[in-house]
Every structure is written in structure tokens, then in C-alpha cells.
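Top to bottom, those sequences are chains A, B and C. If you're matching positions, the first sequence starts at 34 in our numbering and goes up one per residue. If you're matching positions, the second sequence starts at 34 in our numbering and goes up one per residue. If you're matching positions, the third sequence starts at 34 in our numbering and goes up one per residue.
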Amino acid sequence: MKGPLITLLTDFGLADHFAGAMKGVILGICPTAQIIDISHEVAPYAVTEAGFTLAQAWRCFPEGTMHVVVVDPGVGSARRPILVEADKHYFVAPDNGVLTMLYDEAAKHEVREITASRYFRQPMSRTFHGRDLFAPVAAHWATGVGMTEFGDLIHDYVRLPFSRPVRTEEGCWLGTILKVDRFGNVITNFVSEEWQRFFGQRFAMTVGERVVSRSGSNYAGMPRDSLFVIAGSAGYLEVSLNQGNAARAAGVKAGDPVEIRVV
Amino acid sequence: MKGPLITLLTDFGLADHFAGAMKGVILGICPTAQIIDISHEVAPYAVTEAGFTLAQAWRCFPEGTMHVVVVDPGVGSARRPILVEADKHYFVAPDNGVLTMLYDEAAKHEVREITASRYFRQPMSRTFHGRDLFAPVAAHWATGVGMTEFGDLIHDYVRLPFSRPVRTEEGCWLGTILKVDRFGNVITNFVSEEWQRFFGQRFAMTVGERVVSRSGSNYAGMPRDSLFVIAGSAGYLEVSLNQGNAARAAGVKAGDPVEIRVV
Amino acid sequence: MKGPLITLLTDFGLADHFAGAMKGVILGICPTAQIIDISHEVAPYAVTEAGFTLAQAWRCFPEGTMHVVVVDPGVGSARRPILVEADKHYFVAPDNGVLTMLYDEAAKHEVREITASRYFRQPMSRTFHGRDLFAPVAAHWATGVGMTEFGDLIHDYVRLPFSRPVRTEEGCWLGTILKVDRFGNVITNFVSEEWQRFFGQRFAMTVGERVVSRSGSNYAGMPRDSLFVIAGSAGYLEVSLNQGNAARAAGVKAGDPVEIRVV
């Protein structure tokens, strides 16, 4: 039998002691925990990016997994720490909207404010709640402490406006770039299921300085010198370049606008 | 008793959800698996670099380890996924030559084309076979599914021309740079066992803008301002600089030529 | 029951095979070991930085943990490998002063020179003792080999001068920057417990081009455009910028001087 599974997703990077300290705290409380890194390389303070990365990863893990999400520009302020159950997965995070995509996608979710300070590390710092609050709460949960022990249900938790494309005129929609991945693929917020039907028609996607009207179903079959749109593995339309960096070619970054025009 | 050991070697980086998603898929299928990262920081699409890194790492692991290697510029195209047994280690990878050094070094190897789509994640994307094909195949193997269940033996798998130094004239050999490591050590394809006998003679190694004729047996004993040749821990001659970056000093990168002249 | 816990802290980076090879060697000798990365992204050869990172992390782990620390500019030279017991934690490292902060902080410590070459990997390289000496020694220890088997106690191990602030004139102290973290927080060597009492008075901390006289107790409550001093989670005064990079704003890096003047 394996112990409880705990994933970590933070903006702490890998050069400092931050991630290692969290792991030590977890294993000190729950020696049987299995700790898996989702990523520690979320851009500093990038709450939306962390939410997207979590949304792509959590369902790949088995039910019963605890996910610790710490991207926390408000650490030490009045922002609340929360403990969430959603579709038999568990989450601890600051209540800053980082779980918005989770709330949107899970069939069911329940949010608690974590108030039981007896589960915090003492003395608790004002600047490193990853080590002093989120890691120990996850670890105590993993040892079998019940959800209700950590605090009461709340309903006024933070949900960020999750931006979906808006129709700006007949045949024209304005969306945004959710993320640029390591390979330079430009991940938009146009959901593939809804939008790839336009691949058969004439369409033009404007992304930065470039207009893209070619679509593809994999990278390798495409020419190396021109951008194309593809239904990516994340569930959204992406702009890509075969073995090249599409984001650099188009001069765009996360948060930039993307327009689709269908004729 | 520990569960089956699965290593990961990819060019996915650590900032995205890619590596985390693969780990989730593996643990969902085989909860007792132990997952160890070899590296996710192979340069994007760098098949030869990944092959070198694998060649340096796999024999350090115990027999029975499954190694998942995903550097896959041809994802979604007709390139075949393969499952390999070599000297009691196991490998899944795209059939793009990334395992060439393994084939050269193992006493014995057998290659199968993976065709049993019942072991793939559904629906399967065209762009993320790390999550949808390689991770689940490795995990099903780890639960005890026999090699023959995944597909038949093949013999026409891809082997890249593994470049060895060539003699260009009397006393002169032309080689190449396999890799530059984090410390700036320039790893050549001159095998130490064959070449370090020249350390006692007059030799000159030309690497980029520099000619190196000094050799050393460790870093710390060498002056800080001049390049030297050393029989490195990877089994090849390296050009190094004590606490400095030899590749930067010489202005070279992986793939560049290196010449040895013996007089 | 979980197996023995082994942490890794090196300057090997994550792009090469180095960390993966160490893990393979450990698991080959001690298959039940649990391996946890503290960091592999210590700056190359940065012994003091590694010592600081270790000092921040080791106490977070449970007693009985073995910590493998390899930042080793003197690899292959006469520098000794050591095995240390301190407050029921265990350490292997080169004897180059990287454990100085540990010696200062632990209630009790014992240092042995590792001489038992029967526990080394053969053949042993002159340049990669992480794989060939430190990893196998840690793993053999983890299988139950007694401390005394590895070598005798020594007392002339290396301690680096651990720089504490010095008083340069009435009301003025000169310190140094121990580290800049991922977020740009400037971690000084002014211990918070001793120095935060000045927060109520008029003080001026000079760091690079900036003079800081404001203090805060968390990041989020502070204005985004001005530097402030905070008692950080590492136990030292830090100079920070709310959601900004204080080190870049002040133009400083690890090792630079910091002055406190109290009036």
C-alpha cells in the first residue's frame, strides 16, 4: 500500500529552499506521504497561470489526491487560506481566485476557510505560509484529520472573471492568450470543442503581428516556416510552429488579445 | 517492498503541467510506482542530447527499471512508439533514434512497436503522447502487463549515425561536441579509454577559437585561466576550465567540431 | 513503513544527467530510500549559498534524515569527504565549509572523514564524486551501515568565517547579503531576533543605491513602489518590494555590503 498522494504547485522556483522546506514539513507530519511536484516554476505572483496549470494537471491524478497550490501575493495579509473538495480531489490554497478554473470545471465543489491554527507550524512566519500553513494542513489531512476539523464552509470565496471570447461584431470574436508554453505554443481561450468546426471554413486568427488561417492536426506534418492553428492537448486552440517558437514569431505573451474572424 | 521504478527524461521543461500530468497518469494506473526524474530540461527537440543524457543515466539505476524518454518532434505523425528491453532495463520512446546510444552500448536489445491502443489514454491527443501514450504504457507495464502484449518485435527501428572521430590526415582526427554541461565543460566524442594515452605526448586539441595542449586529472589542481583536457566522468575527453566556463571561453556549443592533432 | 529519507542539495542543475545518476546509484544500493530534492540549482561552486539553503531546509525534515550536499569545486583534489551527525540528522558533503552554518546552529555535531573506499562506486571518477562517492555512501548508510564503518572522527574540519555584522562606529553596523531569492528579496545577515527591535526607532538601511527606512510585517500591506525591511521567514532581516524585485531595484547581489544606521 502506498501512502497519501500530495502534489505541489507553486511559484517558488527550484533555486531556493522553499520547495524543499515544504516537503520536509509534510514528511515530518506524514511520513508515508508521496509528494509529487506539478511545478514550482509558475511565474512569480501569476495566479491565472497557476490556475491554468492546475486545471491541466489535477484530473490526471487519481481520486483522493491532495493538491497544494501556493501562488500567494497576499501572504500575511487578510486573504484567507482555504481547503476545497472537488470531484473527490482535495486542494489547499490561498483564497485569491487561483482555483477559479477548478470551480468552473468540477461537477461539485465545497470550500472551507482554514481557521484551525493548531495545525499550523509554530512560530508561523508572515511571509512563508507554504511552509507554515499550507504544507502542514495538507499533511495533517493526509494523516486522516477530517475536513470539518480545519474550518467551516464558506460561500463568498474568490472567483476571478474567467475570460471567454466575446463576439465583437458579425463573424468576429475577441479572446485572450491563457499561456505560452515551453515550446512557444500560444494557448488561447478558444475552447477546441466549440471552435475547431471553423477549421473547414475560411477563418483568420490574428495573434500579435500575424494573421493565421491555416490549421493542422499535428506539428510534424506542417511546414516549418508558417504558423498554424491546432486543437491542442489542453483543450484550447493553440497557435504553433513546427519545431519553432510561435509566440516569439508573433511577438505575443500571456494576457495578449487574439481575434478570430470567420468569413 | 518498493514498487516498480519509472524514470522520466523529456524536453518538457518544469514550468508547464506536462511532467506533472505524466506523473498523475502513471500513478492513476500504477499507484505503487516510484517516479524519478532524470531530466525535463533537455533542449526542445534535441534528440541527440536526450540520447546522451539517457546513456549517462540508465546504467546507474537498478535492473528492472522502466525509462520513459519523450523528446518527440514527430508527435502525432507516423513515427512509431517503441518499447525496448536492453540488459534488463526497459524503455518507452518515440522511434526517432533517441535510443541509438543505448543500442550501441547494451549487450543485447529487443525493440517492439507499441500498437496496443487499449493501453493508451482516451481520448488521445495528437500533440501530447507523453501523457496519452508513453506514460500509460509504462504504467501498465509496471502493473505487470507482459512485453508481448504491447506489440510485435521490429528490426527496422531508427538508428542515428553515431558520430565517432574520423582520421583526416596523419596524426589528425576530427570529432564533435556531444554536449556542453551546466558547468561549461565541453564533452567531445573522443572516448577517454582510447584517447587519454596521448596525454603523455604532445597533442593539440582545437576547440572553437582555442588550442588546448594541457591535460589534467581533476579540476582543482589546474590554473584558473587556461583550458585543459580531462578524461571526464561521462567516459569522453572534455575541455574544462577550473571554476570557469570552458564552452564560453572557447565559443563553442553542442554539434561543433573538435580536432585532435598528435605530434 | 517508509524507507530512509535522503535529501539532495547540489549545484548540478537539472538539465544534465547528474542528479538522475545520483538517484539511480542510491536506489540501486538502497531500493527503499525515499529521495527528496532540496535544490539542484545552487549557483555553480557557490559554497556559502548552499550552506544557507541547507540551513533553511534541514530542520524542516524529520530526525533521522540523511542530507547529501554536493557543491564541490575541489572535487578530485585532496579535500576530504565527510560524514556528519548533528541533532539526529546526518550529512555527507565535501569538507569545504559548506556545513559551517550547520555547525553553528546544531546543539551538537560530530564529523568523520570518509575513508572506507569499499563503499565507493568503482571505478571512481576524479570529477563526479556526487555519483561515485557521496550518493553511494549515503545509500549504504541508509541500508544500516554504522557511522563508525565509514571513517574516524576528525576535529580539524573546515569552518568558514561566518560573517556577522560588525559595528563600524556609534550606531552603525556593516553586514552583508547572504542571498537574493527568486522573488528578489535581499536576505541580509542581520538576525531578526536581534535587530527588529529597531523597527520602532529611526533607522536607515543602506543597500546598494538605496536607503530604506520603512519596515513592514508582510508584503501585501506595503506600497508597490518603495523598498521596505521585513523580518523574513529565514530568520534574517530582508529588503523587499511588494510584488517587485528588491534586489534589482537596489542593484545588489549576494556578497554585497549592507549598512544599518540607527539614530
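Yeah, the Cβ is synthetic: ideal placement off N, Cα and C, and Gly gets one too. Please read these numbers as outputs of a predicted model, since none were measured by experiment.
9 Å Cβ cut-off: residues of chain A touching residue i
i     : result
C/Q89 : D49, H50, F51, G53 and A54
C/D70 : L47, A52, G53, K56 and D70
Selected residue, minimal CA-CA separation from residue i, among the options
i      : options                           : result
A/E96  : B/I68, B/I62 and B/V101           : B/I62
B/R145 : B/F236, B/I68, B/H162 and B/V191  : B/V191
C/G208 : C/P198, C/E202 and C/E118         : C/P198
A/Y269 : A/E227, A/A287 and A/F232         : A/E227
A/A267 : B/M134, B/R159 and B/V170         : B/R159
C/R154 : C/A54, C/Y78 and C/L274           : C/A54
C/A111 : C/F94, C/N129, C/V101 and C/F124  : C/N129
C/T221 : C/Q234, C/V262 and C/R281         : C/V262
A/R230 : A/A168, A/A264, A/R257 and A/I39  : A/A264
A/F51  : A/G36, A/F85, A/I210 and A/E74    : A/E74
B/A76  : B/D214, B/R281 and B/D258         : B/D214
B/M238 : B/F216, B/E271, B/V170 and B/Y136 : B/E271
C/L193 : C/R151, C/E242, C/K56 and C/A79   : C/A79
A/K56  : A/P169, A/V131 and A/A126         : A/P169
C/M134 : C/A172, C/M157, C/P256 and C/T81  : C/T81
C/T176 : C/F161, C/Y152 and C/M157         : C/Y152
B/V244 : B/G36, B/H188, B/V131 and B/G284  : B/G284
A/A280 : A/G288, A/I187 and A/G217         : A/G217
Proximal residues of chain C, C-beta to C-beta of residue i below 8 Å
i      : result
B/A282 : Going along chain C, no residue has its Cβ under 8 Å from B/A282, so there is no contact; the nearest lies around 14 Å.
B/R235 : Ordered by position in chain C, no residue passes the 8 Å Cβ test against B/R235, which lies about 23 Å from the chain.
Listed by chain order, chain C residues near residue i by CB distance under 7 Å
i      : result
A/S158 : S266
A/L42  : In chain order: nothing, as chain C lies at least about 15 Å away.
Strand pairing of residue i, partner residues [DSSP]
i      : result
B/W206 : B/R200 and B/I293
A/I70  : The amino acid occupying residue 70 of chain A in the given sequence is Asp; Ile does not appear at that position. Looking at the DSSP assignment, A/D70 forms a beta bridge with A/L41.
B/K212 : B/I220
C/M238 : C/V245 and C/I293
B/Y123 : B/M99 and B/E118
C/Y269 : C/V224
A/R145 : A/L116 and A/L186
C/F261 : C/S273
Residue i, buried or exposed, once every other Cβ within 10 Å from all chains shown has been counted against 16
i      : result
A/R164 : buried
C/E203 : exposed
C/K286 : exposed
A/P114 : buried
C/I39  : buried
B/G84  : buried
B/V296 : exposed
C/D258 : exposed
B/D49  : buried
C/T98  : buried
C/I71  : buried
B/H173 : buried
B/I147 : buried
B/S196 : exposed
A/S150 : exposed
7 Å Cβ cut-off: residues of chain B touching residue i
i      : result
C/L38  : Neighbours of C/L38 on chain B: none; closest Cβ ~14 Å, over 7 Å.
C/Y78  : Q276
A/D214 : D49
Beta-carbon neighbours of residue i, restricted to chain A and to distances below 7 Å
i      : result
B/T65  : K35
B/G297 : Lying before the first or after the last residue shown, residue 297 of chain B is absent from chain B, which here runs from 34 to 296.
Proximal chain A residues relative to residue i, where beta-carbon distance stays under 8 Å
i      : result
C/A253 : P106, G107, V108, G109, S110 and R112
Near the ligand NAD: residue i beta-carbon under 7 Å from a heavy atom
i      : result
B/M157 : Absent from the structure shown: the ligand NAD. Ligands present: none.
Chain B contact residues for residue i, given Cβ-Cβ distances below 8 Å
i      : result
A/S250 : G109 and R159
A/E74  : G46, L47 and A48
C/G61  : C93, F94 and P95
A/I210 : By Cβ distance, chain B contributes nothing, its closest Cβ being about 14 Å from A/I210, past 8 Å.
Listed by chain order, chain B residues near residue i by CB distance under 9 Å
i      : result
C/R164 : C93 and S266
A/T86  : A48, D49, H50 and G53
Within chain C, partners of residue i - CB distance below 9 Å
i      : result
B/L115 : Checking the displayed sequence, the identity of residue 115 of chain B turns out to be Ile instead of Leu. Near B/I115 there are no residues of chain C at all, since even the closest Cβ is about 21 Å away, more than 9 Å.
Original post:
Three or more beta-carbon pairs under 8 Å between the stretch 41 to 53 of chain A and the stretch 174 to 191 of chain C, yes or no?
Top reply: No contact exists between the stretch 41 to 53 of chain A and the stretch 174 to 191 of chain C.
Original post:
So does the stretch 66 to 81 of chain C actually touch the stretch 45 to 61 of chain A, counting three or more Cβ pairs closer than 8 Å?
Top reply: Segments in contact, yes.
Original post:
Any chance the stretch 281 to 292 of chain A sits against the stretch 86 to 95 of chain B, with 3 or more Cβ pairs inside 8 Å?
Top reply: The stretch 281 to 292 of chain A, when compared against the stretch 86 to 95 of chain B, does not touch it at the 8 Å Cβ threshold.
Subject >> Touch test, the stretch 103 to 123 of chain C against the stretch 132 to 141 of chain C, Cβ-Cβ under 8 Å, three pairs minimum >> reply: Output reads yes: the stretch 132 to 141 of chain C touches the stretch 103 to 123 of chain C.
**OP:** Evaluate the contact criterion for the stretch 242 to 252 of chain B versus the stretch 273 to 284 of chain B: three or more CB pairs, one atom per stretch, below 8 Å.
**Re:** Yes, the stretch 242 to 252 of chain B is in contact with the stretch 273 to 284 of chain B.
Original post:
Counting Cβ pairs, one atom from each stretch, are 3 or more of them under 8 Å apart for the stretch 233 to 249 of chain A and the stretch 99 to 108 of chain B?
Top reply: Between the stretch 233 to 249 of chain A and the stretch 99 to 108 of chain B there are fewer than three inter-stretch CB-CB distances shorter than 8 Å, so the stretches are not counted as touching.
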